[in-house]
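Trainee: Below you'll find the structure I mean.
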Amino acid sequence: MAIANAPSAPILTADGIPLRVSLRRSMRRSKLRALALVLPAFLFLVTVFILPIGNLLTRSVDDTLINHQLPLTFSLIETWDRDQQSLPEEALFESVYLDLTTINKFLIANNTGANVDVSDVAWWLKIPPKGPYKDSIVQINPRWGEAGAWQPLKQIVDNSLAYRGTEKEQKNVKQRATFDLCSELTPLNNASCRTLFKALETWDGQSVPDESLFAALYKDLNSAQKILTGKSSTRMNYEEPGWKGVIRTSVRKFKKIEGPPYRDAMIKANKGWGEVRFWQSLVLMKDARTMGYYLNAFDRRYDVDKNIILRSEERRVYVMLWWRTLILSLIVTVGCLVLSYPVAHLLATLPLRYSNLLMICVLMPFWTSLLVRIVSWMVMLQQEGVINDTLVWTRLISDENRLPMMYNFTGTVIVMIQILLPFMILPIYSVMKTIPPSYMRAAQNLGAAPSLAFLRVYMPLTLPGVGAGVILVFIVAIGYYITPELVGGKDGRLIGNMIAYHMQKSLNWGLGAAMGTVLLAAILVLYWVYDKIVGVDNLKMG
Amino acid sequence: MRKSLQFVLAAAIGAAIVLPAQAEITVASWGGAYTMSQQKAYADTFTGGTANFINYNGGLGEVRTQVESGNVQWDIVDVLPDQARIGCDEGLFEELPRDVFTPTADGVSMDDDTLVPVPNDCVVPQIFWSYVPFYKADTFQSKGRKSPKTMADFFDVENFPGKRGIHTWANALIEMALVADGVPAKDVYDVMSADGGIDRAFAKLDTIKDHVVFWSSGSKPLELVESGEVSMALAYNGRIGAAMLSEGADYVVNWDGQVLNEEWLVMVKGTQNYDEALAFLIHASAPEQQAGQGKWINYGPMRASGLAIIEANEPWFNTGVNIMPHMPTTKAGLHNAVFDNPDWWADNGDAIHERYTAWMGQ
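Chains as they are written, first to last, in our numbering: chain A, 4 to 545; chain B, 1157 to 1518.
Here is the structure:
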């Protein structure tokens, strides 16, 4: 009994600390050490993988920019009876006019989406262009009259001034601060609040802000407004071609409009304001989150009542490209598999000195520059190229009927198969290498014909390598971009080329991101299917 | 975090090397003979620092990334007309003071000396270049027919057999198709804006659809024509000129229906070398340097005074031959030429591009 009672007192280690605590402590230390070891890899993953993909996902649904540009319009747009196919009332014209010409939206605290309070007179107050600015800005939002509203901005300026370094570094830090000021005040990170920076430099940070600060704020917010309008017009043009021109001419001419009523003056400035299609497209940009880019990626769009409909016939191109990408990737994968399997088998079974030579032949192209390989294929395959010349010379085809093998689908398939071959050969080879030749002999000893032994014994054993190769090749092929760009020509260009176009040329990053996300999702689905059918545990990369 | 990293990096670099006395600026341009001409005419004669050229593939994707992440690596970019407008509208370029640039000898300001109106305060004049059809001089002779002269001939595969090399984007092709279909060059954009105008252009493109080889990089059309893969191709006039002037290629260029494009220099917003970059832009846009570029490439200077210097001093090309016959901006060349309208393309470019991509794959 006495013994049974004893353990109720905790067991102590030599230095008098309870064993449990001491144990936990040492466990925690070793856990921390393990964590420290994986930390670099983890941070690497976060910065180069998770953050960009997160960014991609957000961009593909994000529509906040346009909401910052047209807050008042979007709050009032539901009042328009859009089924009538008639232009909106004067109130909506006025709200668009105000959204495009005034900076009130940057000064009001609750200025986007559902937060906008349309009963607040601040939206309709006008700041006199030639000043004085302080009274009207404070009227719009009384907070700006207090030093407290300016202090965080002053802090940005002070921080940059406190920086010590070479003259050039100091200059650059100050320049960054002018951008930081603007991104504090507006949704933009490429606007520079230079005037405000100078005004804040001379302000002591405590006294009641004076007219000079307000004048600087007014000036910088107006130039930020110009940039925001430029970016918004790019966004609006995706929804309805022609918006860019409407906004560009309007911004110039709106300055001359004296006052209400705005409707006729706006239509006179640009006749686009008299077209219902532009107003309808505004309805579609109202929400801060949109599925519009994904719809676009599948040749669909919203109609004015948010029903999903097909885009106009001549603009339907993406579904075709998705199919073409999918089919081409499948052909390339199958082609690679058919060519690789015997090569890998040879590699695995030949005597070492031959197999080494063969291995070099496999790896040599792998080490050669991609562009060099593509260009040599061009030389081979083009209509005046080596293969066609040979065929004509041997009279297999006539000079007029040279085969088109380059700058089309066929060319893309041939070049991509050659480029992706090593990705298939190497995993299959590494698996074949581990299969003892005695298995085949045993099967044949037990009475199987060579073909049966191959089908029932050898081939199942190579499946993990085949699976790995297939997945590798397919995933690389589906996102391929350089080869199709160079040899694709008329019908060999893929979805990757369209993503590049939108990222670099049209700057429609939302659509590019949406297509990228779809591509990523397709690969994940493929991986999941593979796991269900073959099992990921069986995957052997080498 | 980023700032402290930058600081550590800057300190490390500062400790490792002695900073050069003069700043280095980075200019992103298109490479090849074009960048070489800029190097010779602008950078080699520039005394306010060193200008390093790097190649880029066009588009504002990189510039937007740099500006919006606050990590600006390029100081100056050589941009196409639509990018010059979109980039300035979106606030990706610095707006430059206009009175610092060199006027002509007669005192005409730079902005009044350009061959087209300056679209905004971000841009500095560079050159004019054009999309233009060309063929090997012996191609149509040997077949015993008359040789192609007009844009309509380019679209006429019956009388002028052989494949045609055209690019994989729609710019200029829509305009050319309409010119070939009989629209006078000056009315092309009116037709394009009117109902059915684009359909008409695509209908014309359909007539050569089965005889087309597409190219996407500037050197390709020359290879296609040289190897005989196509009998005629559209190309950048500077590439054709380089082959004719420097390599002695025997090509014929048809200026009828050419589509002229502006090329501008801009400064990337938030550059760390504002003063040096501005000095470089002032230098590069002066009439002497504008003309000087014509010693090395047959792209027409954007400034009228630059063109005048070349005309007055022929033979101007570095090999001692006349350059003016190769320029896109001569009187004869401009007879039925289309000036690309960037505003039209800014409005409609995406829609047309999608339609064109669909057309290519059909």
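Note that beta-carbon positions come from the ideal geometry of N, C-alpha and C, so glycine has one too.
Between the Cα of Val286 of chain A and those of A:Asp306, A:Gly275, A:Phe301, A:Ala268, spot the shortest distance and give me the residue it belongs to.
Mentor: Against the first sequence, residue 286 of chain A aligns to sequence position 283. Nearest option by C-alpha distance: A:Asp306.
Trainee: Considering only residues of the same chain and omitting the five flanking positions on each side of Ala1341 of chain B, which have a CB-CB separation below 7 Å?
Mentor: In the second sequence, counting from the first residue as 1, residue 1341 of chain B sits at position 185. Contacts found: Val1335, Gly1413, Asn1492, Ala1493, Val1494.
Trainee: In chain order, what residues of the same chain have a beta carbon less than 7 Å from the beta carbon of Glu242 of chain A, not counting five sequence neighbours either side?
Mentor: Counting from one through the first sequence, the residue named residue 242 of chain A turns up at place 239. Excluding residues within five positions, the ones whose Cβ falls inside 7 Å are Ser284, Leu287, Met288.
Trainee: Mind checking the segment 375 to 393 of chain A against chain B and listing, in chain order, the residues whose C-beta falls within less than 7 Å of any C-beta there?
Mentor: Against chain B - using a Cβ distance shorter than 7 Å - the residues of the segment 375 to 393 of chain A are Gln385, Gln386, Glu387.
Trainee: Taking 6 Å as the limit between beta carbons, can you name the residues of its chain near Thr415 of chain A, skipping five residues before and five after?
Mentor: Translated into the one-based positions of the first sequence, residue 415 of chain A becomes position 412. Result list for Thr415 of chain A: Pro487, Val490, Gly491, Gly495, in chain order.
Trainee: With Asn277 of chain A and Leu90 of chain A assumed to form a contact (beta carbons below 8 Å), what rounded beta-carbon distance in angstroms separates them?
Mentor: Counted from its first residue, the first sequence places residue 277 of chain A at position 274. Counted from its first residue, the first sequence places residue 90 of chain A at position 87. The sequence given here has Gly at residue 277 of chain A, not Asn. At roughly 7 Å, the Cβ-Cβ gap stays under 8 Å, so Gly277 of chain A and Leu90 of chain A are in contact.
Trainee: I'd like to know whether the C-beta of Arg1158 of chain B is nearer than 7 Å to at least one C-beta of chain A.
Mentor: Here residue 1158 of chain B refers to the residue found at position 2 when the second sequence is read from its first residue. Here the model assigns Arg1158 of chain B a pLDDT of 49, short of 50, so the residue's position is not dependable, and the following value carries that caveat. It does not; no Cβ of chain A falls within 7 Å.
Trainee: On the three-state DSSP scale, how would you describe Asn404 of chain A?
Mentor: As a first step, residue 404 of chain A is located in the first sequence; it is residue number 401 there, counting from the start. Helix at Asn404 of chain A.
Trainee: Between the beta-carbon of His505 of chain A and the beta-carbon of Gly515 of chain A, is there less than 7 Å?
Mentor: On the first sequence, residue 505 of chain A is found 502 positions in, with the first residue counted as 1. On the first sequence, residue 515 of chain A is found 512 positions in, with the first residue counted as 1. Closer than 7 Å, so yes.
Trainee: Considering only C-alpha positions, which residue in the set B:Gln1446, B:Gly1352, B:His1482, B:Val1424 is nearest to Ala1398 of chain B?
Mentor: Counting from one through the second sequence, the residue named residue 1398 of chain B turns up at place 242. Answer by Cα proximity: B:His1482.
Trainee: Three Cβ pairs or more, each shorter than 8 Å: is that satisfied between the segment 149 to 164 of chain A and the segment 178 to 190 of chain A?
Mentor: The answer is yes - the segment 178 to 190 of chain A touches the segment 149 to 164 of chain A, with three or more Cβ pairs under 8 Å.
Trainee: One question on the structure: do Leu498 of chain A and Trp325 of chain A come within less than 7 Å of each other, judged by their Cβ atoms?
Mentor: By 1-based counting over the first sequence, the position of residue 498 of chain A is 495. By 1-based counting over the first sequence, the position of residue 325 of chain A is 322. Correcting the residue type first, residue 498 of chain A is Ile in the shown sequence and not Leu. Yes, the Cβ-Cβ distance between Ile498 of chain A and Trp325 of chain A is below 7 Å.
Trainee: Give, in chain order, every residue of the segment 1243 to 1260 of chain B whose Cβ lies closer than 8 Å to some Cβ of chain A.
Mentor: Those residues of the segment 1243 to 1260 of chain B that come within reach of chain A (Cβ to Cβ, closer than 8 Å) are Cys1244, Asp1245, Glu1246, Gly1247, Leu1248.
Trainee: Under a three-way DSSP split, which group does Gly1517 of chain B fall into?
Mentor: Numbered from its first residue, the second sequence carries residue 1517 of chain B at position 361. Reduced to three states, the DSSP call for Gly1517 of chain B is helix.
Trainee: When DSSP labels each residue in this structure, what does Asn114 of chain A get in the three-state scheme?
Mentor: Residue numbering aside, residue 114 of chain A sits at position 111 when the first sequence is read from its first letter. Asn114 of chain A: coil per DSSP, three-state reduction.
Trainee: How big is the Cα-Cα spacing for Val389 of chain A and Ala517 of chain A?
Mentor: Sequence index remark: in the first sequence, residue 389 of chain A carries index 386 (1-based). Sequence index remark: in the first sequence, residue 517 of chain A carries index 514 (1-based). One C-alpha to the other measures close to 42 Å.
Trainee: Ala1507 of chain B CB to nearest chain A CB: under 7 Å?
Mentor: Within the second sequence, residue 1507 of chain B is the residue found at index 351, counting from 1. Closer than 7 Å: yes.
Trainee: Find the nearest neighbour of Gln88 of chain A within the set A:Arg266, A:Val279, A:Pro264, A:Tyr221, judged by alpha-carbon distance.
Mentor: As a first step, residue 88 of chain A is located in the first sequence; it is residue number 85 there, counting from the start. Selected option, being the one with the closest Cα: A:Val279.
Trainee: Considering only residues of the same chain and omitting the five flanking positions on each side of Ile1330 of chain B, which have a CB-CB separation below 6 Å?
Mentor: Walking along the second sequence from the start, residue 1330 of chain B turns up at place 174. Result list for Ile1330 of chain B: Ala1357, in chain order.
Trainee: Helix or strand or just coil, what does DSSP make of Phe1370 of chain B?
Mentor: Counting from one through the second sequence, the residue named residue 1370 of chain B turns up at place 214. In the structure shown, Phe1370 of chain B sits in a strand (DSSP, three-state: E or B).
Trainee: So is Ser509 of chain A in contact with chain B if we call contact Cβ pairs under 7 Å?
Mentor: Here residue 509 of chain A refers to the residue found at position 506 of the first sequence. Yes, contact with chain B.
Trainee: For the alpha helix (DSSP H) holding Lys229 of chain A, just list the boundary residues, first then last.
Mentor: Working through the first sequence from its first residue, we reach residue 229 of chain A at position 226. Start and end: 214 to 242.
Trainee: DSSP on Lys1319 of chain B, reduced to helix/strand/coil?
Mentor: If you number the second sequence from 1, residue 1319 of chain B lands on position 163. Coil at Lys1319 of chain B, not helix or strand.
Trainee: Scan the segment 1364 to 1383 of chain B for residues whose Cβ lies nearer than 9 Å to a Cβ of chain A and list them as they occur along the chain.
Mentor: Under the 9 Å Cβ criterion, the segment 1364 to 1383 of chain B contributes Lys1365, Val1368, Val1369, Phe1370, Trp1371, Ser1372, Ser1373, Lys1376, Glu1379, Leu1380, Ser1383.
Trainee: Show which residues of chain A have a CB atom less than 8 Å away from the CB atom of Thr1513 of chain B.
Mentor: Start at 1 with the first residue of the second sequence, and residue 1513 of chain B comes out as number 357. In chain order: Val320, Leu324, Arg496, Met501.
Trainee: Assuming Asn1213 of chain B and Glu1180 of chain B form a contact by the criterion Cβ under 8 Å, report the distance between their Cβ atoms to the nearest whole angstrom.
Mentor: For this step, residue 1213 of chain B is matched to residue 57 along the second sequence. For this step, residue 1180 of chain B is matched to residue 24 along the second sequence. No, Asn1213 of chain B and Glu1180 of chain B are not in contact; Cβ-Cβ is about 23 Å, not under 8 Å.
Trainee: In chain A, what lies closer than 8 Å to Asn1213 of chain B by C-beta?
Mentor: For the purposes of this step, residue 1213 of chain B is taken as the residue at position 57 of the second sequence. Those are Gln507, listed as they occur along chain A.
Trainee: If you measure from the beta carbon of Pro244 of chain A to each beta carbon in chain B, is any gap under 7 Å?
Mentor: Working through the first sequence from its first residue, we reach residue 244 of chain A at position 241. At least one chain B Cβ lies under 7 Å of Pro244 of chain A.
Trainee: Quick one: what's Asn70 of chain A bridged to in DSSP?
Mentor: Walking along the first sequence from the start, residue 70 of chain A turns up at place 67. DSSP, once it has assigned bridges, lists no residue as partnering Asn70 of chain A.
Trainee: Relative to the C-alpha of Asp213 of chain A, which residue among A:Ile260, A:Ser139, A:Arg28, A:Ile230 is closest?
Mentor: Here residue 213 of chain A is taken as the residue at index 210 of the first sequence, counted from 1. Of the candidates A:Ile260, A:Ser139, A:Arg28, A:Ile230, the one whose C-alpha sits nearest the C-alpha of Asp213 of chain A is A:Ser139.
Trainee: From which residue to which residue does the alpha helix (DSSP H) around Lys1292 of chain B run?
Mentor: The residue given as residue 1292 of chain B occupies position 136 in the second sequence. Run containing Lys1292 of chain B: none in the alpha helix (DSSP H); it sits in the beta strand (DSSP E), 1280 to 1292.
Trainee: Whose Cβ in chain B lies nearer than 7 Å to the Cβ of Lys157 of chain A?
Mentor: Your numbering for residue 157 of chain A matches position 154 in the first sequence. By Cβ distance, chain B contributes nothing, its closest Cβ being about 19 Å from Lys157 of chain A, past 7 Å.
Trainee: Spatial neighbours of Ile474 of chain A within its chain, please: C-beta separation below 8 Å, excluding the five flanking residues on both sides.
Mentor: Numbered from 1 along the first sequence, position 471 holds the residue referred to as residue 474 of chain A. Once the five neighbours on either side are set aside, the close Cβ partners of Ile474 of chain A are Leu529, Tyr530, Tyr533, Leu542.
Trainee: Over the uninterrupted beta strand (DSSP E) stretch that includes Ser281 of chain A, give me the two end residues.
Mentor: As a position in the first sequence, residue 281 of chain A is number 278, starting the count at 1. The amino acid at residue 281 of chain A is misidentified as Ser; the sequence shows Phe. It is not in any beta strand (DSSP E) - Phe281 of chain A instead sits in the alpha helix (DSSP H) that spans 279 to 287.
Trainee: Using the Cβ count rule (16 or more neighbours within 10 Å means buried), how would you classify Phe412 of chain A?
Mentor: In the first sequence, residue 412 of chain A corresponds to position 409, counting from 1. Per the 10 Å Cβ criterion, buried.
Trainee: If we ignore side chains and look at the alpha-carbon of each, how far apart do Val24 of chain A and Leu35 of chain A end up?
Mentor: Position 21 of the first sequence, counted from the start, is the residue given in the question as residue 24 of chain A. Position 32 of the first sequence, counted from the start, is the residue given in the question as residue 35 of chain A. Taking the straight line from one Cα to the other gives about 16 Å.
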